[in-house]
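Trainee: A single structure is presented below for examination.
Chains as they are written, first to last, in my numbering: chain A, 11 to 121; chain X, 284 to 397.
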């Protein structure tokens, strides 16, 4: 079956370090991958989008990569802050209307 | 504030009942998406409408149905409710319907089935 998978274990990281999250997809060819942030009890908020023919995208302290050979996207938060603590969701969409979120990875940034 | 509104915020009902959740998209957005989020399932895509027409279908049960009206608001109808339907239901909207669209999520409706 078509899957988007994220590491279900929470990522605990010290303030100032770089957090790296992984999104893998199987039996699926998303034309775009998006990353969203979700705080408890709230709706997801869009962060970044990357196309399948783009290797890397940046926005402020955030960076996302897309490797179609490895079928993987990496999401980096550099110089992490306690306010970055949240669940980060990977989302894939292809041209045939297959829309799918990963289960999300919780990030906890400690001072 | 994303500009997407959902009502009601909370809903408590009994098994076997039917409820209707309502969503108003951001001004100018033509697409509406519905998602279900429960603790053990993550965010599950249910259905997408674009300008009144069904565009994509996900894991939506036959007991669930949705529609998008001419004024672009959408309703999700859940019938013959079961305990397992208890979840947060999110609506999202986007300008277009394509794979690159950014989705703007509402605050959600928390449904509790007793």
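Beta carbons: idealized from backbone N, C-alpha and C, even for Gly.
1. DSSP on residue 325(X), reduced to helix/strand/coil?
2. Pick helix, strand or coil for residue 367(X), following the three-state DSSP scheme.
3. So, are the CB atoms of residue 16(A) and residue 32(A) less than 9 Å apart?
4. Rounded to a whole number of angstroms, what is the C-alpha to C-alpha distance between residue 308(X) and residue 314(X)?
5. Report all residues from its chain with a CB closer than 6 Å to the CB of residue 44(A); omit the five preceding and five following residues, and keep chain order.
6. What residues of chain X sit near residue 110(A), judged by a beta carbon separation below 7 Å?
7. Output the boundary residues of the beta strand (DSSP E) element that contains residue 87(A).
8. For residue 371(X), tell me which candidate among 304(X), 345(X), 383(X), 300(X) has the shortest Cα-Cα distance.
9. When you check each C-beta in the stretch 372 to 383 of chain X against every C-beta of chain A, which residues fall closer than 9 Å?
10. Under the assumption that residue 99(A) contacts residue 54(A) (Cβ atoms under 8 Å), give the Cβ distance between them as a whole number of angstroms.
11. Which two residues bound the contiguous beta strand (DSSP E) that contains residue 352(X)?
12. Note down the Cα distance separating residue 301(X) from residue 382(X), rounded to an integer number of angstroms.
13. Measure the alpha-carbon distance for residue 318(X) versus residue 393(X) and round it to whole angstroms.
14. Distance, Cα to Cα, residue 11(A) vs residue 326(X)?
15. Over what stretch of residues does the beta strand (DSSP E) that includes residue 132(A) continue unbroken?
Mentor: In short, the structure shows the following:
1. Translated into the one-based positions of the second chain, residue 325(X) becomes position 42. It is a strand residue.
2. Mapped onto the second chain, residue 367(X) falls at position 84. Residue 367(X) falls in the helix class under three-state DSSP.
3. As a position in the first chain, residue 16(A) is number 6, starting the count at 1. As a position in the first chain, residue 32(A) is number 22, starting the count at 1. Yes. Within cutoff.
4. Counting from one through the second chain, the residue named residue 308(X) turns up at place 25. Counting from one through the second chain, the residue named residue 314(X) turns up at place 31. The straight-line gap from Cα to Cα measures roughly 8 Å.
5. Position 34 of the first chain, counting from 1, holds the residue named residue 44(A). If the five residues before and after residue 44(A) are omitted, its C-beta is found closer than 6 Å to the C-beta atoms of 59, 101, all from its own chain and listed in chain order.
6. The residue you call residue 110(A) lines up with position 100 of the first chain. Going along chain X in sequence order, the residues near residue 110(A) (Cβ under 7 Å) are 328.
7. Within the first chain, numbered from 1, the residue matching residue 87(A) stands at position 77. Going by DSSP, residue 87(A) is part of the beta strand (DSSP E) stretching over 82 to 87.
8. Position 88 of the second chain holds residue 371(X). Ranking the options by Cα distance to residue 371(X), first place goes to 304(X).
9. Along the stretch 372 to 383 of chain X, going in chain order, the ones with a CB nearer than 9 Å to a CB of chain A are 373, 374, 375, 380, 381, 382, 383.
10. In the first chain, counting from the first residue as 1, residue 99(A) sits at position 89. In the first chain, counting from the first residue as 1, residue 54(A) sits at position 44. Contact between residue 99(A) and residue 54(A) holds, since their C-beta atoms are separated by about 6 Å, short of 8 Å.
11. To locate residue 352(X), count along the second chain from 1; it is residue 69. From DSSP, residue 352(X) is part of no beta strand (DSSP E); its letter is neither H nor E.
12. Numbered from its first residue, the second chain carries residue 301(X) at position 18. Numbered from its first residue, the second chain carries residue 382(X) at position 99. Answer to the nearest angstrom: the Cα atoms are 32 Å apart.
13. Counting from 1 along the second chain, the entry for residue 318(X) is found at position 35. Counting from 1 along the second chain, the entry for residue 393(X) is found at position 110. In a straight line, the C-alpha of residue 318(X) is about 12 Å away from that of residue 393(X).
14. If you number the first chain from 1, residue 11(A) lands on position 1. If you number the second chain from 1, residue 326(X) lands on position 43. The alpha-carbon separation between residue 11(A) and residue 326(X) amounts to approximately 17 Å.
15. The displayed coordinates of chain A run from 11 to 121. Any statement about residue 132(A) would go beyond what the structure contains.
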